[in-house]
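Q: Order-wise, the sequence lines are chains X and Y.
Counting in our numbering, the first sequence runs from 31 upward without gaps.
Counting in our numbering, the second sequence runs from 263 upward without gaps.
Please find one structure pasted underneath; my questions will follow.
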Amino acid sequence: MVSKQKLGQSAIKRQRISMMWTIIIITLSAVAIFPIISILELTIYNGIKALTPHFVASPLLAAEREAFATAFIGTAIMMTLATIITLPISILVGILCVEHPNHWIVRMCRLSVDILQGAPAIVIGIIVYCWMVFPTRQFSGLAGTLALVIIMMPVSIRSTEEVLKKIPRSLIESALALGVPNYRAIQKVMIPTAFRGILSGTCIAASRASGETAPLLLTAFGTPFIAVSLLKEMGALPLMIYHYSASHNDIWQAMAWGGALALITVNVILISASHWIGHEK
Amino acid sequence: MKSKPVLETKNLTILVNGAPLIDNLNLSINWRTITTIIGPSGCGKTTLIRTFNRLTDLNPSISHTGEITLFGKSITTMHPIILRRKVGMVFQRPTPFPNMSIAEDVLAGYTLNGIPLTKDQKHHIIEDSLKKVGLWNEVKERLTHKGNDLSGGQQQRLCIARTLALHPKLLVLDEPTSSLDPKSAATFEELLLELKKTITIVLVTHNIPQAKRISDHVAFIQNHKLVEFGPANQVLLSPKTKEAQEYLLN
C-alpha cells in the first residue's frame, strides 16, 4: 500500500507541475498578445492626437482633410465593391467544391486558391496592372477593386467551402427526399443554413484585404482629391498612410497615424462582425 | 389498388462499385402495413430503402438491376422528384431545417418545390400534419419557433409531419428511434401504429423488441440476401432458417 506521506508528496509534485505549465501558458499568451496591445496602444495614442479639433476645423488644413476624406471614401468604395463581387463567387465555387469534390475542375480550383493564397500581394498588383492599368494607361479604382477581389477570394472561398462541408449531408438529403430538386435544396437549405458562416469568412477576407498597400499602389494609385469615379485614380487609407508616413512634415505624419487608426478601426469592426455573425444563434 | 402490393421488388440486386450489396431480393410491401427490415450492420438495409425513392441515384457508385415497382409501375420510369413525393423518407437523426420555423418546416415540401398555397391551405396543412404526429398541442403556441428548439423526439415527429404534409403513399423510416430516449421511442411507436391506419410504412431497425411490438411483416437480411420474409410473429418468434434463429432469438 502507498503511504499517506507518499500520496501527499505526489500531490505536491502534481501541483508544482501544474503551476509550472500555468506560468508557461500565461507567459506565452502574453508574448502573443503583446504585439497586438502595443500596436493598438501606439496607433490609438498617435491617431487620436492627429484627429484634433484643430485638424477638423482649421482652414489651413483643408487640403489634408480632403486627402483624409478621399482615402476613407476610396477604401469604403473599393472594399464594398470587392466584397459584393467576392461573396457570390465564393458561394458558387464553394458549392462546386462541396458538390463535386473529386471533379478535375474542383481540383484545379483548389490548387489555384492555394497558389493565390500564398502569392505576395505585390504580384497580384503587378498582374492587375498588366491586365487593366497598362492597356488603358490609367490607374483606376476599378483596377484597385479587382486587386482586392483577387486578394479576398482565396480566403473567402476556403472558408465558404469549410462552412458548407460542415452542413450535415442528411439535411440536404431530407430536402431531396421531399422531392425538392438538387439546385433548390442548395439554394433554399444549404446556403441559408451556411450564410452566417460564409459572411463571417468574407468579413475576415475583407479585413485582410483592407490593409493591403502594394497592389493598390500599382492599381488605384491614390489621389489627394475627392474622387468617386471608379475609372480614375482613387485614394485609399493604406496608400495615404504609405505616402504621408514617409514625409518629414509633422502634420502629414500625424495624418498617417490618423489613417492607421481609421484602418485599425475598420479591421476591428470587420473582425468583430465576423465573430458576431459566426457565433450568433 | 388496395389489393395490389404498394411496393414490390423483383430480383433486385443492388451493386456498390460493381459488387452486390443486396442480392436477388424479392419483397412485397402491402397496403397499410408496417414492414420492418432487420439485419446486421452493413447488410444493406439503408441502401435498400434509399433505393425505394431513388436517393441512391445521388451516389454514382450505386446501381441496381431487377425491378422495383410502386403500385405496379416501375420506379425507374418515374421522375425521381415525383417518386420522392410519393415515397416519403425519414432519417436516422432528426433533421429539422435550421433556417425554418416549425410551421415553415411542415410546409417545406411545398415551399421548397415552389408550390403556391393560400393562407388557409397553409394553416390546414400545418394543423393537419402536426395533429397526425401528435405534435399540434405541444407546439401550436410556438409555430414560429425554430424546429431545432424542440426535443429530439419532437424533432423526429416534426420530420414525419413535413413528410406527411405531401401525402406520400409510402413512408420509409431509417432507424428513426435510434437517437431517442425510451419514452420518446415508445411515443414514436404509438404514432407509427396510428399512422398505419392511413399509410403504408417500411421501417429499418436494429431493435427487435420494437419490431415485435409494431410490425405486421418482417424481412430479415443477412450476408446480402433476404433470409426470411413473412408475418412478424412467424419470423420473429419462430424463424425457419438457422441464420434468422441465431440473430433474432439470441
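C-beta: ideal position from N, C-alpha, C; glycine also.
1. Alpha carbons only, please: which of X:Val-158, X:Gly-289, X:Arg-140 and X:Ser-88 is nearest the one belonging to X:Gly-241?
2. Closer than 8 Å is the cut-off here; do at least three beta carbon pairs connect the stretch 113-123 of chain X with the stretch 226-234 of chain X?
3. Check Y:Ser-290 in the structure and name its three-state DSSP category.
4. Y:Arg-475 to Y:Gly-301, Cα distance in whole Å?
5. Let me see if you follow: with CB-CB separation under 8 Å, is Y:Thr-357 close to chain X or not?
6. When Cβ atoms are compared, which residues of the stretch 265-299 of chain Y fall closer than 8 Å to chain X?
7. Helix, strand or coil for Y:Thr-327, going by three-state DSSP, please let me know.
8. Checking contacts by CB at 8 Å: is X:Leu-229 closer than that to chain Y?
9. In chain Y, which residues lie with their C-beta within 9 Å of the C-beta of X:Arg-214?
10. To the nearest angstrom, how far is it from the Cα of Y:Met-263 to the Cα of Y:Asn-292?
11. Tell me which residues share the same chain as Y:Lys-394 and place their Cβ nearer than 6 Å to its Cβ, disregarding the 5 neighbours each side in the sequence.
12. In the DSSP assignment, find the unbroken beta strand (DSSP E) run with Y:Pro-493 in it and report its ends.
13. Would you say Y:Val-353 reaches chain X, if we count a Cβ-Cβ gap shorter than 8 Å as a contact?
14. Hey, could you find the ends of the alpha helix (DSSP H) X:Lys-195 is sitting in?
15. Below 8 Å on C-beta distance, what does Y:Arg-419 contact in chain X?
16. Could you name the residues of the same chain whose beta carbon sits closer than 8 Å to that of Y:Leu-511, not counting the 5 residues immediately before and after it, in chain order?
17. Measuring only between beta-carbons, confirm whether Y:Gly-371 sits less than 8 Å from chain X.
18. Comparing the C-beta of Y:Ile-343 with each C-beta of chain X, is any distance below 8 Å?
19. Could you tell me the distance, in whole angstroms, from the CA atom of X:Thr-238 to the CA atom of Y:Ser-363?
20. According to DSSP, what are the bridge partners of Y:Ile-463?
21. Closer than 7 Å, Cβ to any Cβ of chain Y: which residues of the stretch 163-187 of chain X, in chain order?
22. CA-CA distance, Y:Asp-443 and Y:Ala-423?
23. Assuming Y:Leu-289 and Y:Leu-488 make a contact with CB atoms under 8 Å, what is their CB distance in whole Å?
24. Is X:Leu-267 near X:Thr-73, with beta carbons less than 8 Å apart?
25. Between the stretch 292-309 of chain X and the stretch 205-222 of chain X, do three or more beta carbon pairs fall short of 8 Å?
26. With 16 as the cutoff for other CB atoms within 10 Å, does Y:Asn-315 come out buried or exposed?
27. Judging by CA-CA distance, which residue of Y:Leu-428, Y:Thr-297, Y:Lys-266 and Y:Lys-272 is the nearest neighbour of Y:Pro-493?
28. Under 8 Å between C-beta atoms, does Y:Gly-322 make it to chain X?
29. Once DSSP output is grouped into helix, strand and coil, what is the label at Y:Met-362?
30. Reducing DSSP to helix, strand and coil, say where Y:Phe-333 ends up.
31. Can you tell me the Cα-Cα spacing of Y:Leu-453 and X:Ala-149, whole angstroms?
A: So, from the data block:
1. Comparing Cα-Cα distances from X:Gly-241 to each of X:Val-158, X:Gly-289, X:Arg-140 and X:Ser-88, the minimum goes to X:Gly-289.
2. With a cut-off of 8 Å, the stretch 226-234 of chain X and the stretch 113-123 of chain X count as touching, because enough Cβ pairs lie within range.
3. When secondary structure is reduced to three states using DSSP, Y:Ser-290 falls in the strand class.
4. Whole-angstrom Cα-Cα distance: 17 Å.
5. yes
6. none
7. Looking at Y:Thr-327 - three-state DSSP - the assignment turns out to be strand.
8. No, X:Leu-229 lies away from the interface with chain Y (no Cβ there is under 8 Å from its Cβ).
9. Leu-374, Asn-375 and Gly-376
10. Confidence in Y:Met-263 is poor, its pLDDT being 45 and thus under 50, which makes the residue's placement unreliable; the coordinate value appears in the next sentence. Each residue's alpha carbon lies about 11 Å from the other.
11. Closer than 6 Å at the Cβ level, and outside the excluded window around Y:Lys-394, lie Leu-426.
12. Y:Pro-493 -> beta strand (DSSP E) spans 487-493.
13. For the sequence presented, residue 353 of chain Y should be read as Phe rather than Val. Cβ-Cβ to chain X under 8 Å: yes for Y:Phe-353.
14. 171-196
15. In chain X, no part has a C-beta under 8 Å from the C-beta of Y:Arg-419; the shortest such distance is about 14 Å.
16. Within the same chain, Y:Leu-511 has close Cβ partners Pro-501.
17. yes
18. Yes, contact with chain X.
19. It is worth fixing the name first, because residue 238 of chain X is Arg in this sequence and not Thr. Rounded to whole angstroms, X:Arg-238 and Y:Ser-363 show a C-alpha spacing of 36 Å.
20. Y:Ile-296 and Y:Leu-433
21. Correct list: empty, as no residue qualifies.
22. 20 Å
23. 7 Å
24. no
25. no
26. buried
27. Y:Thr-297
28. What sits at residue 322 of chain Y in the sequence shown is Pro, not Gly. It does not; no Cβ of chain X falls within 8 Å.
29. coil
30. coil
31. 59 Å
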